[in-house]
Amino acid sequence: MTAIRSVVLGCGSYLPQRVLTNAELAAKVDTSDEWIVQRTGIRQRHIAAEGEFTSHLAINAARAALAHAGVDAQSIDLIVLATSTPDQTFPATAVAVQNGLGINHGAAFDLQAVCSGFVFALASADNFLRTGAFKRALVIGAETFSRILDWNDRGTCVLFGDGAGAVVLEAQAQPGTPSDRGVLTTHLRSDGRHKGKLYVDGGPSSTQTVGHLRMEGREVFKHAVGMITDVIVDAFNATGATADSIDWFVPHQANKRIIDASAHKLHIAPQKVVLTVDLHGNTSAASIPLALAVAVNDGRVKKGDLVLFEAMGGGFTWGSALLRW
Ligand code: ACO
275 MTAIRSVVLG
285 CGSYLPQRVL
295 TNAELAAKVD
305 TSDEWIVQRT
315 GIRQRHIAAE
325 GEFTSHLAIN
335 AARAALAHAG
345 VDAQSIDLIV
355 LATSTPDQTF
365 PATAVAVQNG
375 LGINHGAAFD
385 LQAVCSGFVF
395 ALASADNFLR
405 TGAFKRALVI
415 GAETFSRILD
425 WNDRGTCVLF
435 GDGAGAVVLE
445 AQAQPGTPSD
455 RGVLTTHLRS
465 DGRHKGKLYV
475 DGGPSSTQTV
485 GHLRMEGREV
495 FKHAVGMITD
505 VIVDAFNATG
515 ATADSIDWFV
525 PHQANKRIID
535 ASAHKLHIAP
545 QKVVLTVDLH
555 GNTSAASIPL
565 ALAVAVNDGR
575 VKKGDLVLFE
585 AMGGGFTWGS
595 ALLRW
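And the structure:
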């Protein structure tokens with residue numbers, strides 16, 4: 275029995291040039307490198323330049339992914355862009371990316387699930403590809419969270435950064451076995467009872483302003499590990515994969531303590547965990563494809579490897595995806 279799978283052809287990423295260190299932040303707000311590193315593992319983050327928008331970061335990441343995949347932009351018929359920091363309220367930033375890549379066929383749309391955005395976008399594109407609606411997709415996570423931070427709020431401004439990452443997916447017929455390449459399972463969840471714990475205090479319909487990010491950090495932390503591990507167990511149950519059989523764990527990069535606690539609870543060996551939060555901070559929907567690109571480029575992730583993604587964020591939303599590279 276064959277199965278249509280969404281196989282990753284390539285990935286790429288882009289980080290703005292400007293690096294903002296903890297020491298520089300400590301000169302602006304009452305914090306310290308030691309506090310930030312101890313509580314989060316973050317040492318630095320990248321910040322978009324004036325005039326550099328989410329779409330610009332996304333286009334650069336998409337070009338890198340297309341080059342890595344060795345395919346032409348014209349072969350892409352679907353773009354799903356996960357972001358909570360679009361260039362404009364509308365049109366979708368995805369159409370700016372589509373236009374920037376010179377594509378004017380197929381479909382392009384944005385998807386908003388905050389830090390879980392990339393997993394939600396991957397699952398959406400996977401479903402479209404498996405039904406035959408589209409053949410080759412760009413799935414992008416791109417953010418300029420620096421634009422929605424309250425730079426006087428030390429509880430949040432130290433946590434986030436800007437960046438973008440992308441993967442190229444192609445619908446391919448596979449044997450229909452656990453050794454198939456491509457996306458093997460995805461699991462998405464949300465629970466709006468938590469919508470006031472991590473949010474932006476503005477928006478077109480409510481305040482007609484962009485607003486700033488607000489967070490009850492402890493509340494987020496309290497729920498994060500349980501939600502993340504639940505949805506990973508769902509992925510294991512759906513596929514028969516285990517903590518031992520996966521090759522790489524590429525989690526959303528919010529906080530090293532959350533990542534360590536989740537891996538520990540699931541008995542995932544520390545050497546399988548891809549960590550970039552120290553260098554990138556929390557780049558929300560961009561964090562997983564940014565981390566993935568690092569581990570692919572440095573040779574860790576190889577063809578045939580079993581790779582596990584997870585994310586959790588505002589909403590709350592959370593999800594997992596398991597794929598064979
Ligand atoms: N520097 C120094 N002190 C600080 C800072 C800072 N940057 N931020 C807060 N503090 C202070 C607080 O004011 C407080 O001081 P007080 O005791 O005098 O009132 C003290 O540190 C403790 O504050 P808490 O918020 O309780 O600190 P906590 O240990 O919970 O750490 C943190 C805060 C790092 C935000 C933690 O709660 C956390 O990691 N939460 C998860 C949130 C997260 O990762 N969100 C990302 C988005 S969601 C996601 O992507 C999963």
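Adding 274 to a residue's 1-based position in the sequence shown gives its number in this note's numbering. Heads up, the beta-carbon is just placed ideally off N, CA and C, and yes, glycines get one too.
Within the same chain, Leu385, Gly391, Phe392, Ala395, Gly415 and Ala559 come within 6 Å of Ala356 by CB-CB distance, once the 5 residues on both sides are set aside.
Annotated three-state conformation of Leu289 is coil, per DSSP. Counting along the chain, Arg488 sits inside the beta strand (DSSP E) bounded by residues Leu487 to Met489. Of the candidates Thr557, Leu580 and Leu443, Leu443 places its Cα closest to the Cα of Ala339.
Excluding its 5 nearest sequence neighbours in each direction, Glu490 has C-beta neighbours in its own chain below 6 Å: Lys471, listed in chain order. Burial state of Ser329 is buried, judged by a 10 Å Cβ sphere holding 16 or more other Cβ atoms. The beta carbon of Glu326 lies closer than 7 Å to those of Pro290 in the same chain, with the five residues before and after it left out. For the 8 Å CB-CB criterion, Leu582 and Phe523 form a contact. Rounded to whole angstroms, the gap between the alpha carbons of Ser420 and His320 is 9 Å. Taken in chain order, the whole beta strand (DSSP E) runs of length 3 or more contained in the stretch 356-424 are 381-385 and 410-418.
In this structure, the beta-carbon distance from Lys577 to Trp592 does not fall below 8 Å. With contact defined as three or more Cβ pairs closer than 8 Å, the stretch 276-287 and the stretch 510-522 are not in contact. Looking at Pro563, Asp552, Ala535 and Pro365, the one whose alpha-carbon comes closest to that of Lys496 is Ala535. Per DSSP, the unbroken alpha helix (DSSP H) holding Leu564 starts and ends at Ser561 to Asn571.
Counting other Cβ atoms within 10 Å of its Cβ, Gly376 stays below 16 and is therefore classed as exposed. When only Cα atoms are considered, Ile533 and Ile422 end up about 24 Å apart. His541 carries a coil assignment under DSSP once its states are collapsed to helix, strand and coil.
Short of 7 Å from the beta carbon of Leu540, and not among the five residues preceding or following it, lie these beta carbons of its own chain, in chain order: Thr503, Ile506 and Ala517. If you draw a straight line from the Cα of Asp400 to the Cα of Asp454, it comes to about 14 Å.
The closest heavy atom of ligand 1 lies less than 7 Å from the beta carbon of Val432. Look at the beta carbons and you see the stretch 507-516 not touching the stretch 480-488: under three pairs across the two are nearer than 8 Å. The Cβ atoms of Val551 and Val568 lie no closer than 8 Å to each other.
Counting along the chain, Ser558 sits inside no beta strand (DSSP E), nor does DSSP assign it H or E at all.
Sixteen is the threshold: since fewer than 16 other Cβ atoms of the shown chains lie within 10 Å of the Cβ of Asn378, the residue is exposed. Per the Cβ contact rule, the stretch 444-463 is in contact with the stretch 397-413 (3 or more Cβ pairs under 8 Å). The beta carbons of Arg292 and Ala323 sit closer together than 8 Å. By alpha-carbon distance to Phe510, the top candidate from Thr451, Asp465, Leu458 and Leu403 is Leu458. In this structure, Ala366 sits away from Ala440, with a CB-CB distance that is not shorter than 8 Å.
In chain order, Asn556 place their CB closer than 6 Å to the CB of Leu433, counting only its own chain and leaving out the 5 sequence neighbours on each side. DSSP places Gly587 within a strand segment (E or B) once states are collapsed to three. Gly435 counts as buried, since no fewer than 16 other beta carbons sit within 10 angstroms of its beta carbon.
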